[in-house]
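J.: Sharing a structure with you now.
In structure tokens:
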């Protein structure tokens, strides 16, 4: 079964990669619109999340944002398959980086220390991995969680490896990632916008507490790296823009800040990005899971 699933997925991938990017994006948006009507479970999650985070908006406004959010998800998922096969030159007209200079050394010919970037499920978030192709000062790395289906996981990695980004499996590659952090010029992007079941801390996000991943803060402190945020915005059909945020301070008065305080700043940066374009985030995720009662 895994063998058949792999080759079926490869056929779909090959078909999409043979089409123009804008055509793939239109197909994705149409599929997302259909999913909005058929996928009741995720539609309810998105509507509940949006209503909780934007109490000032009417039911009609919430519905419109959720519908566009599903279209964006369809566009981003299919576009990510297409962009994975595009060269840097082919992809360049479709997206750009804003604020890349914030990450660069402030002095010419200075040694390039590592950077940690807190990223989230904004826009076509697979494009984060392409940063090193346009700013070769850095080589990019990130973590991922392997899919349960071995064939699909292999296909996903085949698509991602063309970016030149190093991918480390969260549960099995800890030692390899630790070694990589001793190198120079590493730009480590860590997803930090979803529920963290293990090792997370409860922090406010849109005024409501939720379990939050402190990974970016932990890595920045442990390896003495500057910490930033990175947001991928959709600017048009099959058009994206990645924006680097200002550096988030990891020390205050010469002493390390707490991981909670640093992560709270990351959350605030993510909130601002979501308010800027509410349909651009991953609303179908159950971000605000209640605290499970402890067993006695």
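Residue numbers (the working numbering): 321 to 616.
Just so you know, even glycine gets a beta-carbon here, dropped at the ideal spot from N, CA and C.
Under the rule that 16 or more other beta-carbon atoms within 10 Å means buried, what is residue 336, buried or exposed?
T.: So residue 336 ends up on the buried side.
J.: Less than 8 Å between the CB atoms is what I'm expecting for residue 526 and residue 591, so what's the real figure, rounded?
T.: Yes, they are in contact, since the Cβ atoms of residue 526 and residue 591 sit about 6 Å apart, within 8 Å.
J.: Cα-Cα, which of 392, 351, 382 is closest to residue 556?
T.: Measuring from the Cα of residue 556, the nearest candidate turns out to be 392.
J.: Go through its chain and collect everything with a Cβ distance to residue 565's Cβ below 6 Å, but skip five positions before and after it.
T.: Around residue 565: 548, 549, 589.
J.: For the structure I just gave you, are there three or more beta carbon pairs, one from the region 399 to 414 and one from the region 507 to 516, closer than 8 Å?
T.: The region 399 to 414 vs the region 507 to 516: no contact.
J.: DSSP three-state call for residue 461: helix, strand or coil?
T.: Correct three-state label for residue 461: strand.
J.: Among all the DSSP beta bridges, which residues are the ones paired with residue 509?
T.: DSSP lists 437, 462 as partners of residue 509.
J.: For the region 569 to 580 against the region 533 to 549, are there 3 or more C-beta pairs whose distance is under 8 Å?
T.: Yes, the region 569 to 580 is in contact with the region 533 to 549.
J.: Out of curiosity, what's the CA-to-CA distance linking residue 558 and residue 341?
T.: Rounded to the nearest angstrom, the two C-alpha atoms are 7 Å apart.
J.: Which residues mark the beginning and the end of the alpha helix (DSSP H) in which residue 561 is found?
T.: Looking at the DSSP string, residue 561 is not in any alpha helix (DSSP H); the run it does join, the beta strand (DSSP E), is 559 to 564.
J.: Does the beta-carbon of residue 408 have 16 or more other beta-carbons within 10 angstroms, so that it is buried, or is it exposed?
T.: When all chains shown are included, residue 408 counts as exposed.
J.: Go through its chain and collect everything with a Cβ distance to residue 441's Cβ below 8 Å, but skip five positions before and after it.
T.: Answer for residue 441: 511, 513, 514, 601, 602, 605, listed in chain order.
J.: Threshold first: 4 residues or longer. Then list the alpha helix (DSSP H) segments lying entirely within the region 516 to 577, N to C.
T.: The region 516 to 577 contains these whole alpha helix (DSSP H) runs: 535 to 542.
J.: From the DSSP output, read off the bridge partner residues of residue 489.
T.: DSSP lists 464 as partners of residue 489.
J.: Helix, strand or coil for residue 604? Go by DSSP, reduced to three states.
T.: Note: residue 604 maps to coil in three-state DSSP.
J.: On the three-state DSSP scale, how would you describe residue 417?
T.: Residue 417 falls in the strand class under three-state DSSP.
J.: Mapping the DSSP letters down to three states, classify residue 442 as helix, strand or coil.
T.: Correct three-state label for residue 442: coil.
J.: Please classify residue 483 as buried or exposed, where buried requires at least 16 neighbouring CB atoms within 10 angstroms.
T.: It is buried - the Cβ of residue 483 has at least 16 other Cβ atoms within 10 Å.
J.: Secondary structure at residue 359, three-state DSSP: helix, strand or coil?
T.: Reduced to three states, the DSSP call for residue 359 is coil.
J.: Which word fits residue 616, buried or exposed, when buried means at least 16 other C-beta atoms lie within 10 angstroms of its C-beta?
T.: Confidence at residue 616 is low in this model, with a pLDDT of 47, below 50, so its placement is unreliable and no value can be given for it.
J.: In angstroms, rounded to a whole number, what distance separates the CA positions of residue 475 and residue 378?
T.: Going by the C-alpha atoms only, they are around 42 Å apart.
J.: Could you tell me if residue 402 is buried or exposed, where buried requires 16 or more neighbouring beta carbons within 10 angstroms of its beta carbon?
T.: Flag for residue 402 reads buried.
J.: Hey, residue 395 and residue 352 are a contact pair by Cβ (cut 8 Å); roughly how many whole angstroms apart?
T.: That pair is a contact at about 7 Å.
J.: Tell me which same chain residues have a C-beta within less than 8 Å of the C-beta of residue 465, skipping the five on either side of it?
T.: The answer, listed in chain order, is 489, 490, 491.
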